[in-house]
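Trainee: Protein chains in written order, with our numbering: chain F, 474 to 766; chain A, 197 to 544.
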Amino acid sequence: MKRAGFTNVWLPIALLLPQLSIIAIFFYWPAGWALQSSFYLQDPFGFGSTFVGFENYTDLTRNREYLRIAGFTVVFCGLVTFFSLALALLLAVKADKVIRGAKTYRTLLMWVYAIAPPVAGFMGIMFFDQRNGPITEFFQVLGWDFKLGVNYFDTATAMIMVSVWKQIPVNFIFFLSGLQSIPRAVREAAMIDNRSAAGRFWGVTFPLLAPTAFFLLIINITYALFDTFGIIDTLMKGEPGNNPMTLVYKVYLDGFRGNDLGGSSAQSVILMILVLALTVFQFRLIERRIHYT
Amino acid sequence: MAQVSLSNIRKVYPNGFEAVQPSDIQINDGEFVVLVGPSGCGKSTLLRMIAGLEDISDGELRIGDRVVNDVDPADRDIAMVFQNYALYPHMTVEKNMGYGIKNRGASKEEIARKVAEAAGMLNLTEYLTRRPSQLSGGQRQRVAMGRAIVRDPALFLFDEPLSNLDAKLRNQMRIEIKALQRRLGTTAVYVTHDQVEAMTMADRIIVLNGGRIEQIGTPSQIYHNPASTFVASFMGAPPMNLLEGRFDNGTVMINGGTALMPSPLQRSGPITVGIRPEDVLLEPTGPLPFQVDIVEELGAHRLLHGRLEDQNFTVHVDKETHVSPGALRIALKQDALRLFDVKTGQSL
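1. Report the residue ranges of all alpha helix (DSSP H) runs contained in full by the segment 521 to 603 of chain F; include only those spanning at least 4 residues, in chain order.
2. For N693(F), which three-state DSSP category applies?
3. Counting only C-beta atoms, is R668(F) closer than 8 Å to chain A at any point?
4. Can you tell me whether N644(F) is helix, strand or coil according to DSSP?
5. So does the segment 692 to 704 of chain F actually touch the segment 488 to 504 of chain F, counting three or more Cβ pairs closer than 8 Å?
6. Could you spell out where the beta strand (DSSP E) holding G770(F) opens and where it closes?
7. How many Å lie between S189(A) and G452(A) at the Cα?
8. Please classify K576(F): is it buried, with 16 or more other beta-carbons within 10 angstroms of its beta-carbon, or exposed?
9. Anything in chain B within Cβ reach of P680(F), meaning under 7 Å, just list it in chain order.
10. Just checking: is the beta-carbon of N299(A) within a distance shorter than 8 Å of some beta-carbon in chain F?
11. Three-state secondary structure (DSSP) at N265(A)?
12. Counting C-beta neighbours from all protein chains within 10 Å, is the total for P607(F) 16 or more, i.e. buried, or is it exposed?
13. Pick out whichever of F512(F), I691(F), K639(F), M718(F) has its Cα sitting closest to the Cα of T531(F).
14. Taking all protein chains shown into account, decide if N625(A) is buried (16 or more other Cβ within 10 angstroms of its Cβ) or exposed.
15. Using a Cβ cut-off of 8 Å (strictly closer), state whether M664(F) contacts chain A.
16. Starting from V659(F), find everything on chain A with Cβ-Cβ shorter than 8 Å and list it in chain order.
17. Take Y386(A) and list the residues in its own chain whose beta-carbon comes closer than 6 Å to its own, dropping the five residues that flank it on each side.
18. Does any residue of chain F bring its CB to less than 8 Å from the CB of G296(A)?
19. I believe A384(A) touches I259(A) by the beta-carbon criterion, under 8 Å. Please report the beta-carbon distance rounded to the nearest angstrom.
20. For my contact list, T719(F) and F545(F) are in at a C-beta cut-off of 8 Å; report their separation, rounded to the angstrom.
21. Indicate whether the contact test is met: 3 or more Cβ pairs, each with one atom in the segment 423 to 440 of chain A and one in the segment 494 to 514 of chain A, closer than 8 Å.
22. Measuring straight from C-alpha to C-alpha, what distance separates Q755(F) and Q740(F)?
23. Measure the Cβ-Cβ separation of M287(A) and Y281(A) and say whether it is below 8 Å.
24. Exposed or buried, what is G574(F) when buried is set at 16 or more other beta-carbons lying within 10 Å of its beta-carbon?
25. Classify H497(A) as helix, strand or coil using the three-state DSSP reduction.
26. On the DSSP letters alone, give me the boundaries of the beta strand (DSSP E) that N549(A) sits inside.
27. Mind listing which residues of the segment 262 to 275 of chain A have their C-beta closer than 9 Å to chain F's C-betas, in chain order?
28. Mind listing the chain F neighbours of A314(A)? Cutoff is C-beta to C-beta under 8 Å, in chain order.
29. Give the residues from the segment 673 to 700 of chain F that approach chain A closer than 8 Å (Cβ to any Cβ), ordered along the chain.
30. For A589(F), I'd like the list of residues in its chain whose CB is within less than 8 Å of its CB, leaving aside the five on either flank, ordered along the chain.
31. Kindly list, in the order they appear in chain A, the residues whose Cβ is closer than 8 Å to that of P656(F).
32. Output yes or no for whether 8 Å exceeds the beta carbon distance between V232(A) and T388(A).
33. Any C-beta of chain F sitting closer than 8 Å to the C-beta of L249(A)?
34. Taking 8 Å as the threshold, find out whether the segment 476 to 489 of chain A comes into contact with the segment 519 to 535 of chain A through three or more Cβ pairs.
35. DSSP three-state label for N437(A), please.
36. I need the straight-line Cα distance from T766(F) to D271(A), nearest angstrom please.
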């Protein structure tokens, strides 16, 4: 096959330039700046800064609140990822079986996808409202005196529920298309080979969905880590106090409310390393193992 | 081992389309039955109803002594081979073949023994640890066969299993499947649109057209005594010549005025006359004029395409007979004529 090539060196560079400059200006430059300022202690009023080496990092390892938030972030990520994947899979499997009105049903399930995270958070506030939120009332019927923004556990519950609810449509779309790409004959062969529907699901359908599921796993961890910021911010109503928060929210809080730019930068550098590790994990381990054809 | 009986089986889709008209079929124990017909004739629907993958709208289906209309596909004691193999892509060949009996509670030793046995039969032993994606089309087809054999079912169902293979492999697999079925003695229903497959593999052929059974019979019956003009033109390559003709004073004439033979039937009026291309002899003093337009060279034999009294006509001659386009005289072998009703197409 003949390979088409550029004869002029400058043309490909010119074509790539817009994309490269966007990445450089909006990603590499701030990232470099964050890396640099993580080694400094800034004056809260912006009059100067002092080089402190790794002190911002070592402070974090000794900061009990930071470690507690890191712990909560792990639990939060785990629960949000698990429930949004599990519920989306359940809905997709059921939607895949719907024959009549399938399109309407699927569209209704996807709608939530279009809602922005702060709006989702705001809807969460209404649902979990202390006086007339339907979910709060429901919990009270069950004997649970639910207090959003006051009780640590209750606020965490609301955050997780809203975050899960917001993420289900994305997962649903991917799972549904994954299900529909399984050849019909393979499912039929399984119907003849295995009487139990649950056995067929775990033995044939689920393994064939694994590539989709692993891709979504990474997407969902990233979502729970970073994109839930708007939901957390809205649910907390800007009053962090003793409320639960994730590491990303803590970066914002220390940097912009606490004016500790150095410490905040150090935290974001740690998050960058985390994302890098996730990405390497995805490409090295998972992409290689899960594909069958 | 089992006989299969379909009584008044019918399939109507929710939109009102009748895919299979009420049909009766008796399949004997150990028999190899081929369902053949053009696309959309209902042959696959019929097979899928037997498998339980499609609901039966009306009628009664028995496998062995059991009515299985409402029995789950997994409980019908059948095994099916699909057109695109339908192997489980995430399982090795060994797991693919063992999946069915594993779910039926077979012990590890039993699974290993049966898989090894089937793999030996199909020359798959060295591929047992591979995934389907690492196999060629013919090997995948063998694995699909192996999966069916390991199950040791009462009935094999084949849904156009060879249509994804190239011509050479298809001929080879045709013989292998037939030989295997003979050896195992398992009843088999095989769907194809390829009349050569139908003729070569079947104990009995069922010809379907438009959701209706046109004819049930042995390959020889189907070929020599087609029940209708549809069967006559569908089975055989090239198909039977169908000429417009009429009865006249106890003689079969073709339009144009040439008399073919005295008729034993007492009737008069228009008629369709069927003549197989190989039932024609080239004779310089023959009674019929034949205008050859094209000679088709096929190596082992030749086909002469042309016109008989201005109607399309094909003659089959052996490789020793050299013919060039032009006018010839031909004669018919004894018992060469098949007569069909003009309106219904049915054999008379």
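The beta carbon of each residue, even a glycine, is placed where N, CA and C say it ideally should be.
Mentor: Taking the definition as stated:
1. 528 to 535, 537 to 570, 575 to 583, 590 to 600
2. helix
3. yes
4. helix
5. no
6. Examination of residue 770(F) is not possible in this model, given that chain F is present from 474 through 766 alone.
7. Residue 189(A) cannot be examined here, being either before or after the span of chain A that is shown, 197 to 544.
8. exposed
9. No chain B is present in this structure, whose protein chains are F and A.
10. yes
11. coil
12. exposed
13. F512(F)
14. The question about residue 625(A) has no answer, for chain A in this structure spans 197 to 544.
15. yes
16. A282, L283, Y284, P285
17. V230, F354
18. yes
19. Rounded, the Cβ-Cβ distance is 13 Å, inconsistent with contact.
20. 7 Å
21. yes
22. 23 Å
23. no
24. exposed
25. strand
26. Because chain A here runs from 197 to 544, residue 549(A) falls outside it and cannot be looked at.
27. D268, P269, A270, D271, R272, I274, A275
28. The premise fails here: A314(A) is roughly 14 Å from chain F at the closest Cβ pair, so nothing lies under 8 Å.
29. G676, V677, P680, L681, A683
30. G703
31. N280, A282
32. yes
33. yes
34. yes
35. strand
36. Low confidence applies to T766(F): its pLDDT is 49, below 50, so where it sits in the model is not reliable, and the reading given next is rough at best. Using only the alpha carbons, I get a separation of about 31 Å.
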